[in-house]
Amino acid sequence: MNPNDLKKDIRIEDLSETMQQMADVIGIDKLILLIEHFGGDLVHISSLNSALRGARNRKIQSLLKQGKNYRDVATMFNLTTVAIRYIDCIKYKQKSLF
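So that you can map any letter, position 51 of the sequence shown is 321 in our numbering, and since no number is skipped, the others follow by simple counting.
Next comes the structure, spelled out in structure tokens:
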């Protein structure tokens with residue numbers, strides 16, 4: 271029998287506890303798509319903070335370009351001024367690589 275014929279018969283109780291939790295969040299149909307694509311692979315799901323880092327850094331760089339000072343931007347993002355200075359210099363390092 272073709273495995274595709276059995277996909278519609280997958281039940282939530284057929285899945286591991288972690289997979290059941292994922293199905294609760296994204297739905298079993300989307301979970302099956304993930305299983306088909308990544309099945310057998312070790313997949314790391316980043317934290318939301320990690321996923322947002324690029325957008326945050328672009329916003330910080332935009333504010334600095336608009337003339338905001340390091341201290342004000344650091345306060346807005348609950349970061350240190352050292353961290354803001356580092357993020358500010360990242361754009362120059364990235365440009366020089368290409």
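C-beta atoms are modelled at their ideal positions from N, C-alpha and C, and glycine is treated no differently.
Treat the numbers as computed from the prediction; the structure is a model and nothing was measured.
Shown here, I315 sits in coil according to DSSP, grouped into three states, outside any helix or strand. Boundaries of the alpha helix (DSSP H) around D342: Y340 to F347. Counting along the chain, the unbroken alpha helix (DSSP H) around T288 starts and ends at E287 to I296. Proximity of the segment 328-339 to the segment 347-358 meets the contact definition, three or more beta-carbon pairs being nearer than 8 Å. In terms of Cβ geometry, M292 and L303 do not form a close pair [threshold 8 Å].
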